[in-house]
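Beneath this line is the structure, given in structure tokens, with notes to follow.
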Amino acid sequence: MALNRIAYAYYDPNWDRAQHPIALLVRTSIEPLDYLAHMKGHLHCPSCYEPLIRVPNDPAVAVMANGKKALFRHFPDEDAPYCRLRSSQMSGKKYNSEEEARQAVEDQDLVIISGFMQERPENQPRADFDGEKEPLETEFESEDGPEVAVPVSRHDGETFKLPSKVTSVQSLCTNFRHNYHREIHIVVEDQVLRYVLDVDLQDAAEIVEVNHEPKFYFGEIVRIKRYDFSSHVFLRHPHLAGNVDFRISASNSDLDARGITKENSLRRILIFFGVIEEIGAGYWSPNKKWGEIGLLPRQYEDFLRANYKKE
Ligand SMILES: [Zn+2]
């Protein structure tokens, strides 16, 4: 199995893993084509924080002799800690103790979601998600949830009790690049399911069957059909034989508050979390709640297109 492409590295010239806690790392994210010579030796993996090298080393070279695009790579190191961006195993990060796992949650390494907000919070102003800055916390879109038993122990079958958030897909989109390689554990009914957007985010254009396990999907908004209380938002789909298409539905008040309107959002990318059901000849994810949908900020559209399913 191919290794995951490392979509970005953290550049911090002052941080030294041997001396500094992860909380002190300045998370300036750099993509392979943003690389400059002075960054050499100061790039850190967004998943394990070990050093990364940029290949090729010459910042001016964007494509290698074999035709592959410039990329980030770990140093070969037999003793390196587990990293899902280094290994082809998909087992996820494991921790030795509850304390260690709690620290990972605090460091935003591990995201624990006990649910997505079902209703828009009262009296909350709408945050500007298309701004240039990357806020790490979005208070209006998250609140503390209960402690959740998460299977991230190194010992099979053991779980750790970890603090959770009730949050929104919009909140994940706001820091999309930072969240792209993060392990996200979500309580779904009585299970805790693990997602990482770099492999689990799927293009809605590829939906061709019902799926009762909720997943993350993205798609370009091509049409919005408005009814009295709700709307159907159609996402780009190849329109297979028999007029198979794809849509989501949500309340007009939530869609308006999120800026998902004809005037504002055609050609923008919608991200949602949910199950897939049949409607007519096509498919949909019906009755999306406030926290289950979000518009991807424009600044991440190229990032998503450049990294989606690329090795
Ligand atoms: Zn790594």
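Note that my numbering numbers the sequence shown so that position 310 is 310, with each residue one more than the last.
Ideal placement from N, C-alpha and C gives every residue a C-beta, glycine not left out.
Any idea what DSSP makes of residue i, helix, strand or coil?
| i | result |
| --- | --- |
| E134 | With a pLDDT of only 46 at E134, under 50, the local geometry of the prediction cannot be trusted, and no value is derived from it. |
| S231 | strand |
| P286 | strand |
| V105 | helix |
| V196 | coil |
| Y217 | strand |
| N211 | strand |
| L172 | helix |
| E98 | helix |
| M1 | For M1, the predicted structure reports a pLDDT of 35, less than 50, and the residue's modelled location is therefore unreliable. A value from the coordinates is still provided. In this structure, M1 counts as coil in the three-state DSSP scheme. |
| F273 | strand |
| R154 | coil |
| G92 | coil |
| F140 | helix |
| G291 | helix |
| R223 | strand |
| E311 | Note that E311 scores a pLDDT of 49, beneath 50, so its modelled location is shaky and nothing firm can be said. |
| E206 | helix |
| R84 | coil |
At what residues does the alpha helix (DSSP H) containing residue i begin and finish?
| i | result |
| --- | --- |
| H178 | 176-179 |
| A257 | 252-258 |
| S265 | 262-265 |
Using a 10 Å radius around the Cβ and a threshold of 16 neighbouring Cβ atoms, would you call residue i buried or exposed?
| i | result |
| --- | --- |
| G67 | exposed |
| H237 | buried |
| Y11 | buried |
| E141 | buried |
| S97 | exposed |
| L266 | exposed |
| N307 | buried |
| N175 | buried |
| F75 | exposed |
| G157 | exposed |
| G41 | exposed |
| R223 | exposed |
Between which two residues does the beta strand (DSSP E) harbouring residue i extend?
| i | result |
| --- | --- |
| F303 | From DSSP, F303 is part of no beta strand (DSSP E) but of the alpha helix (DSSP H) over 301-307. |
| D144 | 143-150 |
| G67 | Taken as a continuous stretch (DSSP letters only), G67 belongs to no beta strand (DSSP E), as it is neither H nor E. |
| F116 | 110-116 |
| P163 | 160-167 |
| F75 | Taken as a continuous stretch (DSSP letters only), F75 belongs to no beta strand (DSSP E), as it is neither H nor E. |
Counting Cβ pairs, one atom from each stretch, are 3 or more of them under 8 Å apart for the region 231-247 and the region 269-287? As far as the Cβ criterion goes, the region 231-247 touches the region 269-287, which means the pair count is three or higher.
Can at least three beta-carbon pairs, one atom from the region 41-59 and one from the region 69-84, be found at a separation below 8 Å? yes
Tell me, please, whether the region 247-254 touches the region 224-235 by the rule of three or more beta-carbon pairs shorter than 8 Å. yes
Taking the runs of the alpha helix (DSSP H) that are 4 residues or longer, which of them lie wholly in the region 9-61? none
Segment contact, 8 Å Cβ cut-off, at least three pairs: the region 292-309 with the region 271-280: yes
Pairs of beta-carbons, one from the region 140-155 and one from the region 171-185, closer than 8 Å: are there three or more? Contact check between the region 140-155 and the region 171-185: three or more CB pairs, one atom from each, fall below 8 Å, which counts as touching.
Should the region 208-226 be regarded as contacting the region 18-36, the criterion being three or more beta carbon pairs within less than 8 Å? no
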